[in-house]
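In UniProt numbering, the protein residues as written are 1 to 293. Where is the CB? At the ideal position from N, CA and C, for every residue including glycine. Here the structure comes first, spelled out in C-alpha coordinates, and everything after it is commentary.
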(Lines of atoms letter the chains of each structure in order from A and count residues from 1; the text may use other names and numbers.)
(Lines give C-alpha, C1' and ligand atoms only; values in the text may rest on other atoms or scores of the structure.)
Protein backbone atom coordinates (compact mmCIF):
# COMPACT_ATOMS: atom_id res chain seq x y z
CA UNK A 1 0.00 0.00 0.00
CA UNK A 2 1.13 3.54 -0.74
CA UNK A 3 2.62 5.48 2.15
CA UNK A 4 1.43 9.05 2.66
CA UNK A 5 2.32 11.87 5.04
CA UNK A 6 0.53 15.08 6.03
CA UNK A 7 -0.29 17.62 4.84
CA UNK A 8 -2.56 16.79 1.89
CA UNK A 9 -3.77 18.60 -1.21
CA UNK A 10 -5.86 16.10 -3.12
CA UNK A 11 -6.81 18.23 -6.12
CA UNK A 12 -4.20 19.79 -8.37
CA UNK A 13 -5.65 19.86 -11.91
CA UNK A 14 -3.54 18.19 -14.56
CA UNK A 15 -1.96 20.45 -17.17
CA UNK A 16 -0.30 19.40 -20.40
CA UNK A 17 2.33 22.06 -19.81
CA UNK A 18 4.75 20.12 -17.63
CA UNK A 19 6.67 23.25 -16.73
CA UNK A 20 3.57 24.93 -15.26
CA UNK A 21 2.69 21.76 -13.34
CA UNK A 22 6.22 21.57 -11.98
CA UNK A 23 5.98 25.11 -10.62
CA UNK A 24 2.75 24.26 -8.78
CA UNK A 25 4.32 21.15 -7.24
CA UNK A 26 7.36 23.13 -6.12
CA UNK A 27 5.13 25.73 -4.47
CA UNK A 28 3.13 22.99 -2.72
CA UNK A 29 6.34 21.47 -1.36
CA UNK A 30 7.57 24.84 -0.10
CA UNK A 31 4.26 25.38 1.74
CA UNK A 32 4.61 22.06 3.60
CA UNK A 33 2.49 19.58 1.63
CA UNK A 34 3.79 16.02 1.58
CA UNK A 35 1.00 14.33 -0.39
CA UNK A 36 -0.73 15.73 -3.48
CA UNK A 37 -3.07 14.31 -6.11
CA UNK A 38 -2.95 15.20 -9.80
CA UNK A 39 -6.55 15.40 -11.00
CA UNK A 40 -7.74 14.32 -14.43
CA UNK A 41 -11.29 15.07 -15.57
CA UNK A 42 -13.54 12.86 -17.68
CA UNK A 43 -16.96 14.08 -18.81
CA UNK A 44 -19.19 11.01 -19.07
CA UNK A 45 -22.11 13.12 -20.33
CA UNK A 46 -20.15 14.00 -23.52
CA UNK A 47 -19.05 10.49 -24.40
CA UNK A 48 -19.42 9.23 -27.96
CA UNK A 49 -22.09 6.54 -27.80
CA UNK A 50 -21.59 5.52 -31.45
CA UNK A 51 -18.14 4.04 -30.81
CA UNK A 52 -17.63 0.74 -29.04
CA UNK A 53 -14.55 0.81 -26.84
CA UNK A 54 -13.50 -1.73 -24.20
CA UNK A 55 -12.91 0.98 -21.58
CA UNK A 56 -14.40 4.46 -21.87
CA UNK A 57 -12.37 5.90 -19.00
CA UNK A 58 -8.86 7.20 -19.71
CA UNK A 59 -5.72 5.71 -18.25
CA UNK A 60 -3.61 7.82 -15.87
CA UNK A 61 -1.20 10.19 -17.55
CA UNK A 62 2.50 9.39 -17.29
CA UNK A 63 4.31 11.58 -14.77
CA UNK A 64 7.47 9.51 -14.33
CA UNK A 65 9.80 12.47 -14.74
CA UNK A 66 8.01 14.54 -12.10
CA UNK A 67 7.71 11.56 -9.74
CA UNK A 68 11.44 10.86 -9.98
CA UNK A 69 12.28 14.53 -9.52
CA UNK A 70 10.16 15.01 -6.37
CA UNK A 71 10.07 11.48 -4.92
CA UNK A 72 12.00 12.51 -1.82
CA UNK A 73 9.86 15.61 -1.17
CA UNK A 74 6.25 14.73 -1.96
CA UNK A 75 4.05 11.74 -2.75
CA UNK A 76 2.13 12.18 -6.02
CA UNK A 77 -1.20 10.35 -6.28
CA UNK A 78 -3.48 9.93 -9.30
CA UNK A 79 -7.08 11.12 -9.23
CA UNK A 80 -9.93 10.98 -11.73
CA UNK A 81 -13.01 13.22 -11.53
CA UNK A 82 -16.02 11.83 -13.40
CA UNK A 83 -18.65 14.34 -14.54
CA UNK A 84 -21.97 12.63 -15.21
CA UNK A 85 -25.70 13.19 -15.64
CA UNK A 86 -27.37 9.82 -15.08
CA UNK A 87 -26.89 6.56 -13.24
CA UNK A 88 -25.62 4.83 -16.40
CA UNK A 89 -22.11 5.63 -15.26
CA UNK A 90 -22.31 2.84 -12.67
CA UNK A 91 -22.27 0.08 -15.32
CA UNK A 92 -19.29 1.63 -17.09
CA UNK A 93 -17.39 1.92 -13.80
CA UNK A 94 -17.98 -1.71 -12.87
CA UNK A 95 -16.43 -2.90 -16.17
CA UNK A 96 -13.46 -0.52 -16.22
CA UNK A 97 -9.89 -1.62 -15.60
CA UNK A 98 -8.40 1.86 -15.94
CA UNK A 99 -10.23 3.07 -12.82
CA UNK A 100 -8.22 0.65 -10.71
CA UNK A 101 -5.05 2.47 -11.75
CA UNK A 102 -6.18 5.69 -10.06
CA UNK A 103 -5.67 6.23 -6.33
CA UNK A 104 -8.79 8.40 -5.96
CA UNK A 105 -12.06 8.59 -7.88
CA UNK A 106 -14.33 11.63 -7.49
CA UNK A 107 -17.87 12.11 -8.74
CA UNK A 108 -19.09 15.48 -10.00
CA UNK A 109 -22.88 15.34 -10.51
CA UNK A 110 -24.68 17.77 -12.80
CA UNK A 111 -28.31 17.01 -11.85
CA UNK A 112 -30.24 16.34 -8.66
CA UNK A 113 -30.72 12.69 -9.62
CA UNK A 114 -26.99 12.33 -10.22
CA UNK A 115 -26.26 13.96 -6.87
CA UNK A 116 -28.55 11.53 -5.05
CA UNK A 117 -26.93 8.61 -6.88
CA UNK A 118 -23.47 9.98 -6.07
CA UNK A 119 -24.24 9.97 -2.34
CA UNK A 120 -26.08 6.65 -2.21
CA UNK A 121 -24.59 4.21 -4.73
CA UNK A 122 -21.60 5.86 -6.45
CA UNK A 123 -18.60 3.53 -6.57
CA UNK A 124 -16.02 6.25 -5.97
CA UNK A 125 -14.51 7.92 -2.93
CA UNK A 126 -15.27 11.63 -3.16
CA UNK A 127 -18.08 14.03 -4.07
CA UNK A 128 -17.13 17.35 -5.63
CA UNK A 129 -18.85 20.19 -7.47
CA UNK A 130 -18.17 22.32 -10.52
CA UNK A 131 -17.06 25.64 -9.09
CA UNK A 132 -16.95 27.42 -12.45
CA UNK A 133 -20.62 26.74 -13.25
CA UNK A 134 -21.79 27.81 -9.79
CA UNK A 135 -23.14 25.64 -7.02
CA UNK A 136 -26.74 25.04 -8.06
CA UNK A 137 -27.07 21.63 -6.40
CA UNK A 138 -27.33 21.30 -2.64
CA UNK A 139 -27.36 17.91 -0.99
CA UNK A 140 -30.32 17.01 1.23
CA UNK A 141 -30.00 15.67 4.74
CA UNK A 142 -30.86 12.03 3.98
CA UNK A 143 -28.48 11.70 1.03
CA UNK A 144 -25.69 13.39 2.99
CA UNK A 145 -26.07 11.04 5.94
CA UNK A 146 -26.11 8.00 3.64
CA UNK A 147 -22.91 9.23 1.99
CA UNK A 148 -21.21 9.66 5.37
CA UNK A 149 -22.23 6.15 6.45
CA UNK A 150 -20.83 4.75 3.19
CA UNK A 151 -17.51 6.47 3.87
CA UNK A 152 -17.77 9.08 1.13
CA UNK A 153 -16.05 12.42 1.55
CA UNK A 154 -17.14 15.84 0.33
CA UNK A 155 -14.71 18.34 -1.14
CA UNK A 156 -14.48 22.12 -0.88
CA UNK A 157 -12.03 23.87 -3.23
CA UNK A 158 -10.57 27.14 -2.04
CA UNK A 159 -8.40 27.94 -5.09
CA UNK A 160 -11.22 29.04 -7.41
CA UNK A 161 -12.68 31.10 -4.55
CA UNK A 162 -9.50 33.16 -4.48
CA UNK A 163 -9.71 34.29 -8.08
CA UNK A 164 -13.47 34.95 -8.25
CA UNK A 165 -15.76 36.54 -5.66
CA UNK A 166 -18.87 34.82 -7.07
CA UNK A 167 -17.25 31.42 -6.65
CA UNK A 168 -16.28 32.42 -3.12
CA UNK A 169 -19.94 33.05 -2.28
CA UNK A 170 -20.91 29.69 -3.78
CA UNK A 171 -18.26 27.84 -1.76
CA UNK A 172 -19.41 29.47 1.48
CA UNK A 173 -23.01 28.59 0.61
CA UNK A 174 -22.03 24.98 -0.11
CA UNK A 175 -20.01 24.67 3.10
CA UNK A 176 -22.83 26.03 5.24
CA UNK A 177 -25.24 23.60 3.57
CA UNK A 178 -22.95 20.77 4.72
CA UNK A 179 -22.96 22.26 8.20
CA UNK A 180 -26.76 22.45 8.36
CA UNK A 181 -27.44 19.04 6.78
CA UNK A 182 -24.88 16.94 8.60
CA UNK A 183 -22.64 19.00 10.91
CA UNK A 184 -19.85 19.18 8.29
CA UNK A 185 -18.88 15.53 8.57
CA UNK A 186 -16.37 13.98 6.13
CA UNK A 187 -15.21 17.27 4.63
CA UNK A 188 -11.81 17.89 3.06
CA UNK A 189 -10.21 21.06 1.72
CA UNK A 190 -8.43 21.00 -1.63
CA UNK A 191 -6.84 23.75 -3.66
CA UNK A 192 -7.93 23.09 -7.24
CA UNK A 193 -5.10 25.49 -8.06
CA UNK A 194 -4.19 26.13 -11.69
CA UNK A 195 -1.21 28.31 -10.78
CA UNK A 196 1.13 28.68 -7.77
CA UNK A 197 -0.54 31.94 -6.65
CA UNK A 198 -3.76 30.11 -5.71
CA UNK A 199 -2.01 27.76 -3.27
CA UNK A 200 -2.07 28.47 0.46
CA UNK A 201 -0.28 26.83 3.38
CA UNK A 202 -2.04 24.03 5.30
CA UNK A 203 -2.46 26.11 8.46
CA UNK A 204 -3.97 28.99 6.48
CA UNK A 205 -6.36 26.53 4.82
CA UNK A 206 -7.33 25.09 8.21
CA UNK A 207 -8.27 28.60 9.36
CA UNK A 208 -10.91 28.67 6.61
CA UNK A 209 -12.97 26.47 8.93
CA UNK A 210 -14.34 29.59 10.64
CA UNK A 211 -15.62 30.94 7.30
CA UNK A 212 -17.05 27.60 6.15
CA UNK A 213 -18.86 26.87 9.42
CA UNK A 214 -16.51 24.17 10.71
CA UNK A 215 -14.92 23.86 14.12
CA UNK A 216 -11.19 24.27 14.69
CA UNK A 217 -10.61 20.50 14.87
CA UNK A 218 -12.64 19.90 11.73
CA UNK A 219 -10.56 22.50 9.91
CA UNK A 220 -7.31 20.76 10.88
CA UNK A 221 -8.69 17.35 9.96
CA UNK A 222 -9.80 18.65 6.56
CA UNK A 223 -6.15 18.89 5.44
CA UNK A 224 -4.75 16.01 7.47
CA UNK A 225 -6.66 13.21 9.19
CA UNK A 226 -9.74 13.18 6.96
CA UNK A 227 -7.56 13.07 3.84
CA UNK A 228 -5.63 10.13 5.25
CA UNK A 229 -8.87 8.27 6.01
CA UNK A 230 -10.11 9.03 2.50
CA UNK A 231 -6.92 7.58 1.03
CA UNK A 232 -7.20 4.39 3.12
CA UNK A 233 -10.82 3.92 2.04
CA UNK A 234 -9.83 4.39 -1.60
CA UNK A 235 -7.04 1.83 -1.25
CA UNK A 236 -9.43 -0.73 0.22
CA UNK A 237 -11.81 -0.15 -2.72
CA UNK A 238 -9.04 -0.38 -5.29
CA UNK A 239 -7.16 -3.38 -3.92
CA UNK A 240 -10.07 -5.35 -2.47
CA UNK A 241 -9.38 -8.57 -0.58
CA UNK A 242 -5.69 -9.20 -0.08
CA UNK A 243 -3.35 -11.66 1.62
CA UNK A 244 -0.75 -10.28 4.01
CA UNK A 245 2.60 -11.90 4.72
CA UNK A 246 4.47 -10.95 7.90
CA UNK A 247 8.25 -11.19 7.77
CA UNK A 248 10.26 -11.16 10.99
CA UNK A 249 13.22 -8.79 11.20
CA UNK A 250 15.07 -10.88 13.81
CA UNK A 251 15.54 -14.51 14.90
CA UNK A 252 12.43 -16.52 15.74
CA UNK A 253 12.56 -18.63 18.94
CA UNK A 254 10.12 -21.49 19.37
CA UNK A 255 9.52 -22.66 22.93
CA UNK A 256 7.46 -25.53 24.35
CA UNK A 257 5.29 -24.07 27.08
CA UNK A 258 3.48 -27.29 28.00
CA UNK A 259 5.87 -28.20 30.88
CA UNK A 260 5.85 -24.72 32.34
CA UNK A 261 2.06 -24.62 32.12
CA UNK A 262 1.81 -27.95 33.97
CA UNK A 263 4.17 -26.68 36.71
CA UNK A 264 2.17 -23.49 37.06
CA UNK A 265 -1.03 -25.52 37.07
CA UNK A 266 0.24 -27.82 39.86
CA UNK A 267 1.39 -24.92 42.01
CA UNK A 268 -1.91 -23.16 41.40
CA UNK A 269 -3.87 -26.24 42.45
CA UNK A 270 -1.73 -26.59 45.61
CA UNK A 271 -2.45 -23.00 46.54
CA UNK A 272 -6.18 -23.50 46.01
CA UNK A 273 -6.25 -26.71 48.13
CA UNK A 274 -4.35 -25.00 50.96
CA UNK A 275 -6.71 -22.03 50.87
CA UNK A 276 -9.76 -24.31 50.90
CA UNK A 277 -8.45 -26.23 53.91
CA UNK A 278 -7.91 -22.98 55.80
CA UNK A 279 -11.44 -21.84 54.98
CA UNK A 280 -12.92 -25.15 56.09
CA UNK A 281 -11.05 -25.00 59.38
CA UNK A 282 -12.34 -21.48 59.99
CA UNK A 283 -15.96 -22.29 59.11
CA UNK A 284 -16.22 -25.48 61.21
CA UNK A 285 -17.11 -24.68 64.87
CA UNK A 286 -14.70 -25.89 67.53
CA UNK A 287 -15.97 -28.93 69.47
CA UNK A 288 -15.40 -28.73 73.25
CA UNK A 289 -16.13 -31.46 75.77
CA UNK A 290 -18.29 -30.43 78.69
CA UNK A 291 -17.51 -32.16 81.98
CA UNK A 292 -20.55 -32.65 84.27
CA UNK A 293 -19.78 -32.68 87.97
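Quiz item: With C-beta atoms as the reference, is residue 148 less than 8 Å away from residue 185?
Solution: Result yes, Cβ atoms of residue 148 and residue 185 sit closer than 8 Å.
Exercise. Go ahead and pull the three-state DSSP assignment for residue 225.
Key: Residue 225 falls in the helix class under three-state DSSP.
Self-check item: Cβ pair count under 8 Å reaching 3, the region 85 to 96 against the region 35 to 50
Solution: Contact between the region 85 to 96 and the region 35 to 50 is present, because at least three Cβ pairs lie under 8 Å.
Self-check item: residue 292 burial status per 10 Å Cβ neighbour count (16 or more: buried)
Solution: Here the model assigns residue 292 a pLDDT of 48, short of 50, so the residue's position is not dependable and the matter cannot be decided.
Quiz item: For the region 22 to 66, which segments carrying the beta strand (DSSP E) assignment without a break, of at least 3 residues, lie completely within its bounds, in sequence order?
Solution: Taken in chain order, the complete beta strand (DSSP E) segments of 3 or more residues contained in the region 22 to 66 are 35 to 43.
Exercise. Return the CA-CA distance between residue 177 and residue 211, expressed in angstroms with no decimal places.
Key: Spanning the two alpha carbons is a distance of roughly 13 Å.
Quiz item: When burial is assigned at 16 or more other CB atoms within 10 Å of the CB, is residue 91 buried or exposed?
Solution: Exposed.
Quiz item: Which residue or residues does DSSP assign as beta-bridge partners of residue 81?
Solution: In the DSSP output, where bridge partners are listed per residue, residue 81 has 41 and 106.
Self-check item: Segment limits, alpha helix (DSSP H) that includes residue 178
Solution: Annotation: the continuous alpha helix (DSSP H) that includes residue 178 extends over 165 to 182.
Exercise. Going by DSSP, name the residue or residues bridged to residue 112.
Key: Answer is none; residue 112 lacks a bridge partner.
Quiz item: Does at least one heavy atom of the ligand NAP sit under 7 Å from the Cβ of residue 198?
Solution: Among the components of this structure there are no ligands whatsoever, and the ligand NAP is therefore not found.
Self-check item: Bridge partner(s) assigned by DSSP for residue 156
Solution: In the DSSP output, where bridge partners are listed per residue, residue 156 has 189.
Quiz item: Do residue 206 and residue 193 have their CB atoms nearer than 8 Å?
Solution: Against a cut-off of 8 Å, the Cβ pair of residue 193 and residue 206 comes out as no contact.
Quiz item: Alpha carbon to alpha carbon, what distance is there between residue 164 and residue 49?
Solution: Distance between the alpha carbons of residue 49 and residue 164: 36 Å.
Quiz item: Are residue 216 and residue 159 closer than 8 Å when you measure CB to CB?
Solution: Going by beta carbons, residue 216 and residue 159 fall outside the 8 Å limit.
Quiz item: Among residues of its own chain, excluding the 5 on either side of residue 168, which ones have a beta-carbon nearer than 8 Å to its beta-carbon?
Solution: Annotation for residue 168: 161 and 162 place their beta carbon closer than 8 Å to its own, counting only its chain and skipping 5 residues before and after.
Exercise. Using 10 angstroms around the beta-carbon of residue 52, count the other beta-carbons present and answer buried if the total reaches 16, otherwise exposed.
Key: Label assigned to residue 52: exposed.
Exercise. Report, in whole angstroms, the separation of the C-beta atoms of residue 224 and residue 7, which I expect to be a contact under 8 Å.
Key: With a Cβ gap of about 6 Å, residue 224 and residue 7 count as contacting.
Exercise. For residue 75, name the three-state secondary structure that DSSP assigns.
Key: Strand.
Quiz item: Between the C-alpha atoms of residue 40 and residue 251, what's the straight-line distance to the nearest angstrom?
Solution: Straight-line measurement puts the Cα of residue 251 at about 47 Å from the Cα of residue 40.
Quiz item: Which value, in whole angstroms, describes the spacing of the CA atoms of residue 64 and residue 18?
Solution: Between the C-alpha atoms of residue 64 and residue 18 there is a straight-line separation of about 11 Å.
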